[in-house]
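A short worksheet on the structure shown next.
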Amino acid sequence: MPRADVVIARTPAEACVLRFYTLLMKKQFDEWGSLFAEDAVQENVFMPALPGLEAQFKGRDRIVFHYRTVLSNRIDHVFTIDGIHECNGGSIVIVEARGVSTVPETGRLYDQQYVMVFTLANGRIAGLREYMNPLVFQKAFDGFLVGDGAVEN
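For the sequence shown, this note's numbering assigns the number 143 to the last residue and increments by one with no breaks.
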């Protein structure tokens, strides 16, 4: 599957969600944050109910803080795109993606399949539902959990 940074967007909605992935790969968190509405919400549908982990992030600042905390130290983080499906006139975009990187805190490979459902309003991400395998998450992080920082089991 192609890397997110080489996929050519066919619509403005696709361009927005592809920038979501490419800016994360570059760790350009401030520019990445500008993709979100100020009151955006991210739902982490399958997130384990453990201390330091949240099922929902409310507001652009909280979302950016989380990704900056989780990804800043990741090694060789790459997203590939398996499919992009636009619905409802471009206000909903569903992306099938894969994210691969090394978690330096554990030295383990994080190889995750995602389905991400983006809700767009006025050219920005207003909502995001992330579906991922929590077992892959737990194996890669092996007790190193990220919420407001690192929480050890």
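A virtual CB, placed ideally from N, CA and C, is assigned to each residue, including glycine.
**Request:** Going by DSSP, name the residue or residues bridged to E21.
**Result:** Beta-bridge pairing links E21 to no other residue.
**Prompt:** Tell me the DSSP bridge mates of S91?
**Reply:** Per DSSP, the beta bridge partners of S91 are Y100.
**Prompt:** Within 10 angstroms of its Cβ, does L110 collect 16 or more other Cβ (buried), or is it exposed?
**Reply:** In the assembly as shown, L110 is a buried residue. Its beta-carbon has 16 or more other beta-carbons within 10 Å.
**Prompt:** Does the distance from the CB of G89 to the CB of F108 come in under 8 Å?
**Reply:** At a Cβ-Cβ threshold of 8 Å, G89 and F108 do not count as neighbours.
**Item:** Backbone secondary structure at F178 - three-state DSSP
**Value:** Outside the shown range of the chain (-9 to 143) lies residue 178, about which nothing can therefore be said.
**Request:** With DSSP as the reference, please indicate the residues paired to H56 in a beta bridge.
**Result:** According to DSSP, which records beta bridges pairwise, H56 is partnered with nothing at all.
**Asked** From D138 to T59, what distance separates their C-alpha atoms?
**Response** Residue placement at D138 is poorly supported in this model, since its pLDDT is 46, which falls under 50; the coordinates still yield a value, given next. Cα-Cα distance, rounded: 8 Å.
**Message:** Taking 8 Å as the limit between beta carbons, can you name the residues of its chain near P94, skipping five residues before and five after?
**Reply:** Around P94, the same chain offers N63, R64 and I65 as residues with beta carbons nearer than 8 Å, after the five sequence neighbours per side are excluded.
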